[in-house]
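Participant:
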Amino acid sequence: KLCEGILNILEKDTKTSCQVACLEALRILSRDKKVLVPVTTKRNMQILMRLAKLDTVEDPLDRVSEFPVIVEALKCLCNIIFNSSVAQKLSLELNLAAMLCNLLQKCEDQQLFGDIKCFDLRLLFLLSLLHTDIRSQLRQELQGVQVLTQALESSLSIRWTEEYKAAEDRGRPPLSLQETDCAIEALKALFNVTLDSWNVHSKNESHQFRYMAAILRHCLLTTGPTEDKTEELH
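Note that our numbering has the sequence shown beginning at 9, numbered continuously upward.
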């Protein structure tokens with residue numbers, strides 16, 4: 009009943025501070041699988057997707073005041089999808105992966121959209137891990153390899169010297185914690201999406217995988233903010 013009450017409040021046009029507080033409470037509650045059973049419905053998923061700005065295909069992310077709401081809504085969706093098989097099935101029906109790819113492409117500025125980008129990538133990782141149909145959809149319909157590779161490239165701030173060769177800047181400072189976390193989530197999602205990609209058939213696929221290999225090489229030469237984070241990144 010508490011989760012349902014929170015979602016009823018979130019469905020209304022309330023203040024940003026109230027939305028954030030409600031979402032933070034829902035995020036904590038959504039760690040409990042038993043609590044999720046009665047609230048994992050199409051309506052409730054759509055409420056969270058709207059708050060995460062996943063239903064606005066064309067609109068840019070230009071209201072910074074809404075960013076905390078977007079991040080908390082994405083965190084809630086991560087918990088719900090991880091803990092609920094019903095939510096995983098609803099994600100396919102609601103075309104959640106396509107909406108996440110669209111949102112991800114709006115997050116080009118790492119410093120401005122870093123948290124949104126990170127939890128968008130984490131949600132794509134969870135969907136591609138837990139639902140084989142969504143994994144196939146990402147690979148075949150949504151150009152997931154390209155979208156995720158570009159997200160990884162921007163997280164690493166790569167400069168190219170040749171088509172498949174990144175600049176090696178030995179004096180470059182380590183990645184920030186946020187950049188490292190985004191890169192790790194992108195790598196995890198890429199692993200899932202390319203898991204069954206042993207046979208590369210087209211010229212475009214060949215280019216995409218050579219491009220990705222160059223980025224992965226650069227990743228191995230990159231350090232994170234701590235030794236543990238560097239190890240996790242590699």
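We put the beta carbon where it would ideally sit given N, CA and C, even for glycine.
Note that the structure is a prediction, hence the values are computed from the model and not measured.
1) What do you reckon, are the CB atoms on Lys114 and Thr188 nearer than 9 Å?
2) My understanding is that Leu135 touches Ile142, with C-beta atoms under 8 Å, so please give their C-beta distance in whole angstroms.
3) Quick check: the Cα distance between Phe90 and Thr231, rounded to an integer number of angstroms?
4) So, for Ala175: in the same chain, excluding its five sequence neighbours on each side, which residues have a beta-carbon less than 8 Å away from its beta-carbon?
5) Let's see if you can read the secondary structure: which residues bound the alpha helix (DSSP H) around Glu8?
6) Apply the 10 Å Cβ neighbour rule to Val45 and answer buried if 16 or more other Cβ atoms are within range, or exposed otherwise.
7) Quick check: what's the CA-CA separation for Ala95 versus Val201?
8) Looking at the secondary structure, which residues open and close the alpha helix (DSSP H) in which Lys50 lies?
9) Pull up the distance between the alpha-carbon of Ile88 and that of Asn52, whole angstroms please.
10) Are there 16 or more other CB atoms within 10 angstroms of the CB of Ser99, so buried, or fewer, so exposed?
11) How do the region 140-154 and the region 175-184 stand: do at least 3 beta-carbon pairs fall below 8 Å, yes or no?
12) List the endpoints of the continuous alpha helix (DSSP H) containing Leu18.
13) When you compare only the Cα positions, how much space is there between Val4 and Leu112?
14) Flag Gly122 as yes when its Cβ comes closer than 8 Å to any non-hydrogen atom of the ligand ATP, and as no otherwise.
15) Under three-state DSSP, which class holds Thr64?
16) Go through its chain and collect everything with a Cβ distance to Ser92's Cβ below 6 Å, but skip five positions before and after it.
17) Any chance you could list the alpha helix (DSSP H) runs of at least 4 consecutive residues sitting entirely within the region 113-171, in chain order?
Facilitator: So, to answer that:
1) no
2) 5 Å
3) 30 Å
4) Ile166, Arg167, Trp168 and Thr169
5) Because the chain spans 9 through 242 in this model, residue 8 falls outside it and cannot be assessed.
6) exposed
7) 20 Å
8) Lys50 to Leu59
9) 11 Å
10) buried
11) no
12) Leu10 to Glu19
13) Absent from the model: residue 4. The displayed extent of the chain is 9 to 242, so no value can be given.
14) The model depicted lacks the ligand ATP and carries no ligand whatsoever.
15) coil
16) Leu44 and Thr48
17) 118-138, 140-148 and 152-164
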